[in-house]
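For reference, the structure is listed below as structure tokens.
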Ligand SMILES: Cc1cc2nc3c(=O)[nH]c(=O)nc-3n(C[C@H](O)[C@H](O)[C@H](O)COP(=O)(O)O)c2cc1C
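Numbering (my numbering), first residue to last: 6 to 205.
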């Protein structure tokens, strides 16, 4: 289920889940990937909005073949997910869950579900997974749906689910600048994930 390019062994893949480039969640991800790189891991950032991922059609073709019939840049994403040693997702909260661009990527992971639960194919071993969540915080419905949805996808694609790092009270893209502690925590998370990868 892969299109090239595959990642170098030991690479930590960071998925920037916002439709807004260089905003709060992407900058937090950058801090996390910097921590992983400093700890010796190769890193690769996937800004999901640049990939133009189409929604899942619900056609269930993957239930028969384990492959997605939609041919777009998700093919590259499958290759990245398959070859990553660890994956960190960074997402803003949009109406209590993840933005549509990231949800499209998540829904297109249905072939992994089909392979695992319907086709009995070998599935990836458990790899380290990390989750960074940012939100304005004025909406009363919380962020837990973003975490639950991500946990559901991580379970299917073979990622462990670490405790998410959640940052509230950031709206304008520069707001992250007022939160050096959050950036430090993200850097430490990245270093920890790289350490887990190195230990195997
Ligand atoms: C369409 C939309 C929906 C949003 N919904 C929520 C929400 O439900 N809860 C919340 O706390 N913040 C919400 N926000 C605020 C974003 O989570 C916040 O601005 C975040 O910092 C954006 O991250 P980014 O800079 O990485 O894009 C929403 C923002 C947008 C544009």
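Backbone N, C-alpha and C define an ideal beta-carbon position, used for all residues, glycine too.
**OP:** Taking all protein chains shown into account, decide if residue 31 is buried (16 or more other Cβ within 10 angstroms of its Cβ) or exposed.
**Re:** buried
Subject >> Residue nearest to residue 130 in terms of C-alpha spacing, selected from 140, 117, 138 and 139 >> reply: Comparing Cα positions, the closest option is 117.
Subject >> residue 202 (DSSP reduced to helix, strand or coil) >> reply: helix
Original post:
In three-state DSSP terms, what is residue 50?
Top reply: strand
Original post:
Taking DSSP as the reference, what is the three-state secondary structure of residue 78?
Top reply: DSSP places residue 78 in the coil class of the three-state scheme, outside both helix and strand.
**OP:** Output the distance between the C-alpha atoms of residue 13 and residue 84, rounded to the nearest integer angstrom.
**Re:** One alpha carbon belongs to residue 13, the other to residue 84, and they sit about 12 Å apart.
**OP:** Go through its chain and collect everything with a Cβ distance to residue 142's Cβ below 7 Å, but skip five positions before and after it.
**Re:** Counting only residues of its own chain and dropping the five nearest sequence neighbours on each side, residue 142 has a CB closer than 7 Å to the CB of 173 and 174.
Subject >> Assigned exposure category for residue 40 - 16 Cβ within 10 Å defines buried >> reply: buried
**OP:** Kindly indicate the opening and closing residues of the beta strand (DSSP E) around residue 136.
**Re:** 134-140
**OP:** Could you tell me the boundaries of the alpha helix (DSSP H) in which residue 40 lies?
**Re:** Segment 29-43, the alpha helix (DSSP H) holding residue 40.
Subject >> residue 166 - containing alpha helix (DSSP H), residue span >> reply: According to the DSSP assignment, residue 166 belongs to no alpha helix (DSSP H), since it is labelled neither H nor E.
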